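Participant: Protein chains in written order, with my numbering: chain A, -12 to 123; chain B, -12 to 123; chain C, -12 to 123; chain D, -12 to 123.
4 protein chains.
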Amino acid sequence: MTDNKPFIFECEIEVRDYELDAEGIVNNANYLHYLEHTRHLFCKSEGFSFADMRKQGIDPVLAKVTISYHTPLVSGDVMTSRLNMRRVGPRFIFNQWIINSKGQSVVKAEVTVVALVNGKLSRGDELAAPFTKYLD
Amino acid sequence: MTDNKPFIFECEIEVRDYELDAEGIVNNANYLHYLEHTRHLFCKSEGFSFADMRKQGIDPVLAKVTISYHTPLVSGDVMTSRLNMRRVGPRFIFNQWIINSKGQSVVKAEVTVVALVNGKLSRGDELAAPFTKYLD
Amino acid sequence: MTDNKPFIFECEIEVRDYELDAEGIVNNANYLHYLEHTRHLFCKSEGFSFADMRKQGIDPVLAKVTISYHTPLVSGDVMTSRLNMRRVGPRFIFNQWIINSKGQSVVKAEVTVVALVNGKLSRGDELAAPFTKYLD
Amino acid sequence: MTDNKPFIFECEIEVRDYELDAEGIVNNANYLHYLEHTRHLFCKSEGFSFADMRKQGIDPVLAKVTISYHTPLVSGDVMTSRLNMRRVGPRFIFNQWIINSKGQSVVKAEVTVVALVNGKLSRGDELAAPFTKYLD
């Protein structure tokens, strides 16, 4: 994670006990759910929800995720989930960080998204439009 | 479960470890997944998959589930999942039974489904058509 | 649901987009997650969380769920989830109701729980202790 | 993925319809479930299941996942999931590849695992023991 841009969005997400696995910690796949939920809330807060995108024929698709696990979330935790984004050609790269209620790093992730427009891989301009202030 | 009709379909489903919860047993909600997966495999085996239904504008919707939990599934279990069905007017009632690899009863469930056709509640004839041999 | 007792707990739960299925509505099994999450938050709010129970060797186990589906939850919904409880011998019966942000009924459920104490089915007194004010 | 070691394990996993999301494709987080399920089946096939590990106080923990998404899985797909492994000091690195029934690449992933032994980060020797023939 060499990205030093400041975070542009943060939200709180509550661990639900059914997300724990047999070790009593949140199962590794659920962190991808939290990261996705954060991106969806961010897009909605910018006035361009995934439902809006779908209506315009825009379909953001995950191309790659790199996630490092630092401290597991446990029952009762409320996490703070932060992101920023940048664009590299057709790719939108989200830098995401989740910390627990004690301020410990839970996971760091870099999530690369591309956009299909009407089913075809796009150069990204349609998806970029509502987010230009964050993309340089 | 007063339904004494013989079962008309059975399949095997493998427990996946991420379905266990903090007690080391399969989380209660996953049984609804297994029951649904069984109904979908049954419909597919009858040549009328959920994808087929969707293409014809038929959308089966759950109206009610009654599920009794007998023995929890644990890591490594392979369950046998059985069903039969009957029709009561617009309602399709699936009688479902899951047993574990030792032959113990895991859950019994009665699942009531109705059909939307092009978004409107139907009398059920479209959904019934491929299954008439099982419905009296 | 013939239970007319007033609700004793309510919480808000946010739909997360990954809980939607291919029909664009929340998958049926997720409602069991929401119902469970509500019971866990209720117990925690009463000062007797599931983690506390486990430390005392008490393990609440689902015996039966009856759930009726009225209106599906969709992307962006924030539900209100309510419950009350009563005791019938060793069984604790939760009457649960989820409504959407428009005030429409989403699901109604009756959830029957029994308690294992140190691995053996109990008469329920250990689990009842912190909740006596709600049980008559 | 610069790892050219041959795969040492493969299994088939069936897509279950509830794993699809609102786009009608398998939700991105479920691939981590498939990858985990594959590792668990592999360990079990080697006679050293996760349940066995737990009994010996060994707890494998994810440190990092890098996953590239190539082709989405859809309803009815049966995937083939393959892995090999290598060791770098305390870290066990699984190279995993999932292909669909048409032979198309679905995801490639590199999964780094470390082992806790009795709750403390270990140098990896306990976890390595049953797998020495695969580790050089």
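The beta-carbon is built from N, C-alpha and C at its ideal position, and this holds for glycine as well.
Because the structure is a prediction, the values reported are computed rather than measured.
Does any C-beta atom of chain B lie closer than 7 Å to the C-beta of residue 53 of chain C?
Facilitator: So, interface residue.
Participant: Buried or exposed: residue 21 of chain B, going by 16 or more other Cβ atoms within 10 Å of its Cβ?
Facilitator: It is buried - the Cβ of residue 21 of chain B has at least 16 other Cβ atoms within 10 Å.
Participant: Going by alpha carbons, who is nearest to residue 59 of chain B out of B/10, B/105, B/80?
Facilitator: Ranking B/10, B/105, B/80 by Cα distance to residue 59 of chain B puts B/10 first.
Participant: Would residue 19 of chain C and residue 16 of chain B be called neighbours here (beta carbons separated by less than 7 Å)?
Facilitator: Their beta carbons are under 7 Å apart, which means residue 19 of chain C touches residue 16 of chain B by this criterion.
Participant: Determine, using beta carbons only, whether residue 103 of chain D and residue 46 of chain D come nearer to each other than 7 Å.
Facilitator: Yes; because the gap between Cβ atoms is below 7 Å, this pair is in contact.
Participant: Taking 6 Å as the cut-off, is the CB of residue 38 of chain C close to at least one heavy atom of the ligand SAM?
Facilitator: This structure does not include the ligand SAM; it has no bound ligands of any sort.
Participant: Please report the straight-line C-alpha distance between residue -8 of chain A and residue 80 of chain A, rounded to a whole angstrom.
Facilitator: Approximately 12 Å, taken between the alpha carbons.
Participant: Does residue 119 of chain D pass the burial test, meaning 16 or more other C-beta atoms within 10 Å, or should it be called exposed?
Facilitator: So residue 119 of chain D counts as exposed.
Participant: So, helix, strand or coil for residue 55 of chain A, using DSSP?
Facilitator: DSSP places residue 55 of chain A in strand when its eight states are reduced to three.
Participant: Runs of 3 residues minimum, wholly inside the segment 30 to 83 of chain B: which ones carry the beta strand (DSSP E) assignment?
Facilitator: With a minimum length of 3 residues, the continuous beta strand (DSSP E) runs that stay inside the segment 30 to 83 of chain B are 45 to 56, 65 to 75.
Participant: If you run the structure through DSSP and keep just helix, strand and coil, what is residue 108 of chain C?
Facilitator: Strand.
Participant: Going by the beta-carbon positions, is the gap between residue 99 of chain D and residue 78 of chain D smaller than 7 Å?
Facilitator: Going by C-beta atoms, residue 99 of chain D is nearer than 7 Å to residue 78 of chain D.
Participant: Name the chain D residues that come within less than 8 Å of residue 152 of chain C, Cβ to Cβ?
Facilitator: The question about residue 152 of chain C has no answer, for chain C in this structure spans -12 to 123.
Participant: Using a Cβ-Cβ cut-off of 8 Å (strictly less than) and excluding sequence neighbours within five positions of residue 62 of chain B, which residues of its own chain qualify?
Facilitator: Correct list, in chain order: 2, 4, 7, 11.
Participant: Roughly how many angstroms lie between the CA atoms of residue 101 of chain B and residue 24 of chain C, to the nearest whole one?
Facilitator: Distance between the alpha carbons of residue 101 of chain B and residue 24 of chain C is about 28 Å.
Participant: Starting from residue -6 of chain C, follow the beta strand (DSSP E) in both directions and report where the run begins and ends.
Facilitator: Neither: residue -6 of chain C is in no beta strand (DSSP E) and is coded neither H nor E.
Participant: With distance defined between alpha-carbon atoms, name the residue in C/112, C/87, C/105 nearest to residue -3 of chain C.
Facilitator: Checked all of C/112, C/87, C/105; the closest Cα to residue -3 of chain C is C/87.
Participant: Can you give the Cα-Cα distance for residue 30 of chain D and residue 97 of chain D, rounded to whole angstroms?
Facilitator: Approximately 17 Å between the Cα atoms of the pair.
Participant: Give a yes or no on whether the minimum CB-CB distance between residue 16 of chain A and chain D is below 7 Å.
Facilitator: It does: the Cβ of residue 16 of chain A has a partner Cβ on chain D nearer than 7 Å.
Participant: For residue 35 of chain C and residue 76 of chain C, what's the separation of their Cα atoms in angstroms?
Facilitator: C-alpha separation (whole angstroms): 20 Å.
Participant: Between the alpha carbons of residue 70 of chain A and residue 93 of chain A, how many angstroms are there, rounded?
Facilitator: Approximately 14 Å, taken between the alpha carbons.
Participant: List the whole-angstrom C-beta distance separating residue 73 of chain B from residue 115 of chain B, where the pair is believed to meet the contact cut-off of C-beta under 8 Å.
Facilitator: Not quite, the Cβ-Cβ distance comes to about 11 Å (not below 8 Å), so this is no contact.
Participant: Please list the partners that residue 4 of chain D has in chain C, where partner means a Cβ-to-Cβ separation under 8 Å.
Facilitator: The answer, in chain order, is 8, 9.
Participant: Just confirm the distance between the C-beta atoms of residue 66 of chain C and residue 0 of chain C, as a whole number of angstroms; I'd bet it's less than 8 Å.
Facilitator: Indeed they touch by this definition, with Cβ atoms about 5 Å apart.
Participant: Against chain C, with Cβ distances strictly below 7 Å, would residue 19 of chain B count as a contact?
Facilitator: Yes - at least one Cβ of chain C is within 7 Å of the one on residue 19 of chain B.
Participant: Between C/89, C/37, C/106, C/82, which lies nearest to residue 51 of chain C when the distance is taken from Cα to Cα?
Facilitator: Selected option, being the one with the closest Cα: C/82.
Participant: Could you have a look at residue 121 of chain C and say whether DSSP puts it in helix, strand or coil?
Facilitator: Reduced to three states, the DSSP call for residue 121 of chain C is helix.
Participant: Check each residue of the segment 32 to 58 of chain C: if its Cβ is closer than 8 Å to any Cβ of chain A, include it; give the result in chain order.
Facilitator: Against chain A - using a Cβ distance shorter than 8 Å - the residues of the segment 32 to 58 of chain C are 36, 37, 38.
Participant: So which residues of chain C does residue 23 of chain A contact, with C-beta pairs closer than 9 Å?
Facilitator: Within 9 Å Cβ-Cβ: 3, 4, 5.
Participant: Where does residue 115 of chain B sit, in a helix, a strand or coil, going by DSSP?
Facilitator: Three-state result, residue 115 of chain B: helix.
Participant: Could one say the Cβ of residue 88 of chain B lies closer than 7 Å to chain D's Cβ atoms, at least one of them?
Facilitator: For residue 88 of chain B, the answer is no, since every Cβ of chain D falls outside 7 Å of its Cβ.
Participant: I'd like the list of long-range same chain contacts for residue 112 of chain A, defined as Cβ closer than 6 Å, with 5 residues on each side in sequence excluded.
Facilitator: No residues qualify anywhere along the chain.
Participant: Check the DSSP bridge columns for residue 7 of chain D and list the partner residues they point to.
Facilitator: For residue 7 of chain D, which the question treats as bridged, DSSP gives the partners D/13.
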